[in-house]
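The numbering of the first sequence is our numbering, which starts it at 133 and goes up by one.
Structure, as structure tokens:
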Amino acid sequence: MTNKEYADFLLPGNDKTIEDYEKMYPERNLPEGAIVTRYAPSPTGFVHMGALFAAFIESKMARQTNGVFYLRIEDTDQKREVENGVNGIITDLKNYGVTIDEGMTSESEWIGNYGPYIQSKRKEIYQTFAKYLIENDLAYPCFCSEEDLDNIRKEQETVKDRIGYYGKWARDRYLSREEVISKIEKGESYVIRLKSPGKFENKVVYDDLVKGKLELPENDMDIVIIKGDGLPTYHFAHLVDDHLMRTTHIIRGDEWLPSVPIHLQLFKVFGFKTPKYAHIAPLLKEDNGIRRKLSKRKDPEAAISYYHEKGIPLEAVLLYLCTVANSNFEMWYLQNKDKTVDDFKLEFKKISSSGSLFDVEKLLNISKNYISLLTAEEVYNKSLEYSERYDSELHDLLVKYKDYSINVFNIERNQKKPRKDLAMFSDVKKENWYMYDELFTNLEYNWDTITDMNEIKNILNTYVEKYFDENDDKETWFNKMKDLASSLGYAREVKDYKENPDNYKGHVGDISMVLRVALTTKTMTPDLYEIMKLLGKERIKDRISKL
RNA sequence: GGCUCGUUGGUGAAGUGGCUUAACACAUAGCCCUCUCAAGGCUACAUUCUCGGGUUCGAAUCCCGAACGAGUCACCA
């Protein structure tokens, strides 16, 4: 039996060679300095904020160098798979403005010339590469059961040796070919392991784009490359896929840092050019005084759908992620307000090597500023889009009163320092509900300094009878408020009242407040004159008389 | 336990031996402006960079050690 026959015996199936695949997936013809990156999730649910953070950096780096960003699905663990997982990822990415050049576009379709972009459809490719190793005596079958492995580990613990399947502990490493064949003929199941040429005492040095120069022990573990079901492990799939898809930069979470020696070794064994690595720290959350990784299971704010449901604009999320990625972005953006994230050049070197606390407070602040710079029409359109999906009541009102709603959004907006009351589109109803009669029910009035109902009635009646004229401009309107105040024994100016509080019942502000609460029930609203303008004569009189 | 990484305020952080009496932003507090709120303006908020040694005329920045935190050690990714 030749080496080739032996390899075919262990992994029967196709007869392609590595060269065939090299020809099928040639080097990419890209401009100098172009970066090829990928986002490679397993379809186990929806996208996590930390994953979006990584995907954001990956796509940004590709984009700003005129490179390629693609989506590859890592579905080699069939136990963990979730129905419709791929579609969930695609939607989440789309919702957050991360667009792909190549890769999966649905559960089973893809675009690009380096596919399939889903690992379960690449089984033959991995096996071809594994066969090469077997042929060259760099890989071998291992028949250890879970129990066998467990025993090895226990023994290592009692002897206080390093844990793992390596060197003298690699039980099946030296099995003869005859032994292997007879085991297989008996029907024993097996995996394929790398025959690691590394020594733990040796160091491998490599330069991580984020963490800097790192010195790690060489890999000496005979890691599994092909599992019992014929599918590859992450390590092997990483080698094969990122080589054939011509990825230049591997950007991933720093939980992968300890396996870099494995990956470096794999690339070396095949003689392939190693990609550059950038290991980014996870987003953190403070929980009872300790910092831990933001967890999708424990933290609702970890799922990016959370932001979508609240109506936080995707631009704001991206703006925030960009400040976390490169903190100099914040300063740059302050000086370039008319620019967007796309115009900023992200740098690997400026990515923090330790994890950042994910600060929802700051995100909201960014979002608030972002929304304040939009036009009323834009706010309307985005609110419409949001409510269409998440708030049908609001949606109906926005459709029914389109121009009116735009005018409501326009209050204190077209000015140098625009109003900043909306941090997300779910705030629209919270902030503006009283502008819609349909929502102006079940009222609870929050009177401020003046709470005596007789006095309130007196103020309102006097106002409606003597001072209300819907055609007044703002100055006239406000002067009339002052007239009203003084006619009832209140100070025209707040200052006067503060100087001689005993001379007055209150001041013009107290009077305005009565009107404000009567019309909106709230003590905190935007400009009262503007509100009245939009409400109009009939509704003003109506709301006051109903009171 | 082995290996590896990290540690500047409540938070994100700037900072690479003298320009730092530690930038900027968020949060918080106070004042001002003001018909209310939001915004805006002003002010306050680390005498010190986890701790302990060392090198140096000089250290947050360089070296050594410790503490703490994190990651990893699967036929999961």
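Every residue, glycine too, gets a C-beta built ideally from N, C-alpha and C.
Quick caveat, the model's predicted, so the values are computed rather than measured.
Might you give, ordered along the chain, the residues of its own chain that have their beta carbon closer than 8 angstroms to the beta carbon of residue i, omitting 5 neighbours on each side?
i, result
"L522", "The sequence shown places Tyr at residue 522, rather than the Leu named in the question. Cβ within range, chain order: E441, G443, S558."
"A186", "Y171, I383, R384, G385, I412"
"D659", "I543, E544"
"E447", "G229, T472, V473, Y502"
Where does residue i fall in DSSP's three states?
i, result
"T169", "strand"
"E309", "According to the sequence displayed, residue 309 carries Arg and not Glu. R309: helix per DSSP, three-state reduction."
"L505", "coil"
"C274", "strand"
"V342", "coil"
"G220", "helix"
"E213", "coil"
"I295", "coil"
"F201", "strand"
"M236", "strand"
"Y322", "coil"
"L489", "strand"
"A302", "coil"
"Y138", "helix"
"L415", "coil"
"Y409", "strand"
"I672", "helix"
"I483", "coil"
"K500", "helix"
"K155", "helix"
"R254", "coil"
"L150", "According to the sequence as given, residue 150 is Ile; it is not Leu. Helix at I150."
"I422", "strand"
"I681", "Here the chain comprises residues numbered 133 to 679, so residue 681 is not present and cannot be evaluated."
"I436", "coil"
With residue i and residue j assumed to form a contact (beta carbons below 8 angstroms), what rounded beta-carbon distance in angstroms separates them?
i, j, result
"L426", "G182", "6 angstroms"
"I358", "V323", "6 angstroms"
"T406", "V168", "Actually they do not touch by this definition, with Cβ atoms about 14 angstroms apart."
"Y566", "K654", "7 angstroms"
"F201", "S191", "4 angstroms"
"I538", "E509", "6 angstroms"
"Y452", "I483", "Contact flag wrong, Cβ pair sits at about 15 angstroms."
"K255", "L363", "6 angstroms"
"L415", "S488", "6 angstroms"
"V456", "L396", "Not confirmed; about 29 angstroms, so no contact."
"M236", "L203", "5 angstroms"
Kindly list the residues whose CB is nearer than 7 angstroms to the CB of residue i, restricted to its own chain and excluding five residues on each side of it in sequence; keep chain order.
i, result
"Y298", "S328, D352, M353, D354"
"D207", "S174, P175, E213, I250, Q251, S252"
"K552", "K500, N501, S504"
"G165", "T197"
"L575", "T653"
"G145", "E256, Q259"
"L341", "K408, Y409, A410, F480"
With a threshold of 6 angstroms on Cβ separation, who are the neighbours of residue i within its own chain once the five nearest residues in sequence on each side are excluded?
i, result
"K669", "E602"
"R160", "R378"
"H639", "Y622, A623, V626, Y629"
"V356", "V323, R325, T365"
"N564", "V540"
"D642", "T581, I582"
"Y661", "K606, W609"
"H375", "F404"
"I189", "I383, A457"
"S486", "A413"
"L398", "L371"
For residue i, count the other beta carbons within 10 Å of its own beta carbon; 16 or more makes it buried, fewer makes it exposed. Which is it?
i, result
"K428", "buried"
"T608", "exposed"
"G360", "exposed"
"T652", "buried"
"D584", "exposed"
"P158", "exposed"
"I295", "exposed"
"K562", "exposed"
"S240", "exposed"
"K211", "exposed"
"E320", "exposed"
"P633", "exposed"
"I436", "buried"
"V449", "buried"
| query | What are the start and end residues of each continuous alpha helix (DSSP H) run of 4 or more residues lying completely inside the stretch 551-629, in chain order? | reply | DSSP runs (the alpha helix (DSSP H)) wholly in the stretch 551-629: 559-564, 585-594, 606-619.
| request: With a floor of 3 residues, list each beta strand (DSSP E) that falls wholly inside the stretch 327-406, ordered by position along the chain. | output: If we require 3 residues or more, the beta strand (DSSP E) runs fully inside the stretch 327-406 come out as 335-340, 344-349, 356-358, 381-385.
| said: Threshold first: 4 residues or longer. Then list the alpha helix (DSSP H) segments lying entirely within the stretch 512-555, N to C. | reply: Listed in chain order, they are 524-532, 534-542.
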